[in-house]
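For the sequence shown, counting from 1, position 52 maps to 56 in this note's numbering; every step adds exactly one.
Read the structure below first, then the notes.
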Amino acid sequence: MKFIIAIIKPFKLDEVREALSGIGVAGMTVSEVKGFGRQKGQTEIYRGAEYSTNMLPKVKLEIAATDAVAPQVVETIQQVASTESIGDGKIFVLDLASTTRIRTGETGDTAL
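Put into structure tokens, the structure is as follows:
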């Protein structure tokens, strides 16, 4: 199993969520976060307003996926979240040791 963390631009969230649902992703955790990367100190346009800051609003997606589906999840996020401009974000893929569904006690891939 893989744990996929993606940091994307906020306005891309609905588009990415719909695309992931389309490939069978059943759930994810979404958090509003702030951060910076290479674009630090640059002017950004966010919701029609132009401002300069080094902490930009982003959305963090956390997705647990089977080994078979993980590459497709990463590819889908990369394609759909891309605006081909600086600050599009990053995708991290980590090995996931185990998963347990609290309600039923199911473990492994069946808990996803």
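We treat Cβ as the ideally placed atom computed from N, Cα and C, and that holds for glycine.
Start and end of the alpha helix (DSSP H) containing SER25?
Taken as a continuous stretch (DSSP letters only), the alpha helix (DSSP H) holding SER25 covers 17-26.
Quick check on ASP99: does DSSP put it in helix, strand or coil?
It is a strand residue.
Is the segment 65-76 touching the segment 21-36 in the sense that three or more CB pairs, one from each, lie closer than 8 Å?
Cβ pair count under 8 Å is three or more, so yes.
Given a cut-off of 7 Å on the beta-carbon distance, is the pair GLY93 and ILE11 in contact?
The answer is yes: Cβ separation under 7 Å.
Taking only the alpha-carbon atoms, compute the straight-line gap between ASP71 and PRO14 and give it to the nearest angstrom.
ASP71 and PRO14: Cα-Cα distance of roughly 27 Å.
Tell me ALA68's beta-bridge partners as DSSP assigns them.
PHE7.
Under a three-way DSSP split, which group does GLU110 fall into?
Looking at GLU110 - three-state DSSP - the assignment turns out to be coil, as it is neither helix nor strand.
I think LYS16 touches VAL84, with their Cβ atoms under 8 Å apart; what is that distance to the nearest whole Å?
With 8 Å as the limit, LYS16 and VAL84 qualify as a contact, their Cβ atoms being about 7 Å apart.
Determine the extent of the beta strand (DSSP E) in which THR33 is found, giving its start and end residues.
Segment 33-39, the beta strand (DSSP E) holding THR33.
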